[in-house]
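One structure below.
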Amino acid sequence: MQVSHVGVVRESMLANPLLIRPVLGKTKSNGLAFPGPDFVYGTVTTTQDGGVSEALSNWRAHSVPTSGCSSQSRRPEKDFVAMNREGVKSGLVTAKEHYQYRATQDRRRAAPARVRSHVPAPPRIPPDTTFGISTRRNIQGDRGRHRGRETGRKDTNSQPIRGSNSHCHKQFEVRYQELRFRTLEWPSTPIHELLEHKYAQLWLQEQKVKEKAREEDKLNKPKLGRIPETRTTLLRKSRPVPESAPLWKLPRFQQIGPALDTFRDPHARKKAFSAHLSDSVARRGQLGQGTYTMG
Numbered sequence: 001m002q003v004s005h006v007g008v009v010r011e012s013m014l015a016n017p018l019l020i021r022p023v024l025g026k027t028k029s030n031g032l033a034f035p036g037p038d039f040v041y042g043t044v045t046t047t048q049d050g051g052v053s054e055a056l057s058n059w060r061a062h063s064v065p066t067s068g069c070s071s072q073s074r075r076p077e078k079d080f081v082a083m084n085r086e087g088v089k090s091g092l093v094t095a096k097e098h099y100q101y102r103a104t105q106d107r108r109r110a111a112p113a114r115v116r117s118h119v120p121a122p123p124r125i126p127p128d129t130t131f132g133i134s135t136r137r138n139i140q141g142d143r144g145r146h147r148g149r150e151t152g153r154k155d156t157n158s159q160p161i162r163g164s165n166s167h168c169h170k171q172f173e174v175r176y177q178e179l180r181f182r183t184l185e186w187p188s189t190p191i192h193e194l195l196e197h198k199y200a201q202l203w204l205q206e207q208k209v210k211e212k213a214r215e216e217d218k219l220n221k222p223k224l225g226r227i228p229e230t231r232t233t234l235l236r237k238s239r240p241v242p243e244s245a246p247l248w249k250l251p252r253f254q255q256i257g258p259a260l261d262t263f264r265d266p267h268a269r270k271k272a273f274s275a276h277l278s279d280s281v282a283r284r285g286q287l288g289q290g291t292y293t294m295g
């Protein structure tokens, strides 16, 4: 059964989820409609590269922008302040008149003066320089003098190269035939030092020195004045011990001792009461003097 509509049915009504009614006997589906069969997915490429023939005949490379000549520099921005000022002097008031004036009268900002700073040229590295990690035999003599990395090495038997500096005009010599940019390898650890725990002992000595220095700093550190304790502060820290009240007796019986004393000594009395207390756990009654509880 087709649902009747009142008024004009437009195509936009079929895409509005507030106006779409569910079909009888079917659940309402939410989603977007697919485009037609002639729709092309993706981005259209409009670049005409010339095909295979141009790729084989030419070689296009990215050119590095240079800031040397003025023809390749960027065009200066528009000077809207100057154009607005000239427009007001000419009697222009509305925005439309100013827009037409800017379209006919183009004014640009003055190009900023370039500050030419002398960029030092990179150092010239000789062509016979070797980059890499040196062998073990090259660092045996440097074990006592170097710990870590080395940026270069010079040989005293090489030939010098003379040059000049533009500022101080000093001649200097650079020996480069045995120049090496490399990383020194860490020398092998002696096995006898490992067996005698030398490194552990050195570490313990370092820790003792650090601990001693820390204690000296604590002793030399100025101490703040200590505030004396008062009765109020002591009462706040201490908790009063509750006093157990004695059992109540009639005044006439307070000075009379017990009539019977069935225990030989106080130790036997204490031992009997502790045994009764441990046995009362398995007995019935509030005082633990009843029959035993069987399961």
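In the UniProt record's numbering, the protein residues as written are 1 to 295. Glycine included, C-beta positions come from ideal geometry on N, C-alpha and C.
- Under the three-state reduction of DSSP, K78 is assigned to strand.
- For Y292, the three-state secondary structure derived from DSSP is strand.
- With contacts defined by Cβ atoms closer than 9 Å, R102 and E77 do not form a contacting pair.
- Scanning its chain for C-beta atoms nearer than 8 Å, with the 5 sequence neighbours on each side dropped, one finds around A282 the residues Y292 and T293, in chain order.
- Of L24, L32, K26 and Y199, the smallest CA-CA separation from P17 is found for L32.
- The alpha-carbon of Q255 is positioned some 25 Å away from that of A268.
- Straight-line measurement puts the Cα of K237 at about 35 Å from the Cα of S274.
- T104 carries a helical assignment under DSSP once its states are collapsed to helix, strand and coil.
- In this structure, DSSP gives R239 a state outside helix and strand, which the three-state scheme calls coil.
- If you draw a straight line from the Cα of A272 to the Cα of P246, it comes to about 22 Å.
- Per the C-alpha coordinates, the member of P37, M83, T94 and P222 positioned closest to T104 is M83.
- Inter-residue distance for S188 and H197 is about 16 Å (C-alpha atoms, whole angstroms).
- For G51, the enclosing alpha helix (DSSP H) starts and ends at G51 to S57.
- Restricted to the region 194-269, the alpha helix (DSSP H) segments that are unbroken, complete and at least 4 residues in length are 198-220 and 231-237, listed in chain order.
- N58 places its beta carbon 9 Å or farther from that of G51.
- One thing to note: G290 has its Cβ no nearer than 9 Å to the Cβ of L277.
- I20 places its beta carbon less than 9 Å from that of K28.
- The three-state reading of DSSP puts F273 in helix, counting H, G and I together.
- Your pair H98 and G87 checks out as a contact, with CB atoms roughly 5 Å apart and the cut at 8 Å.
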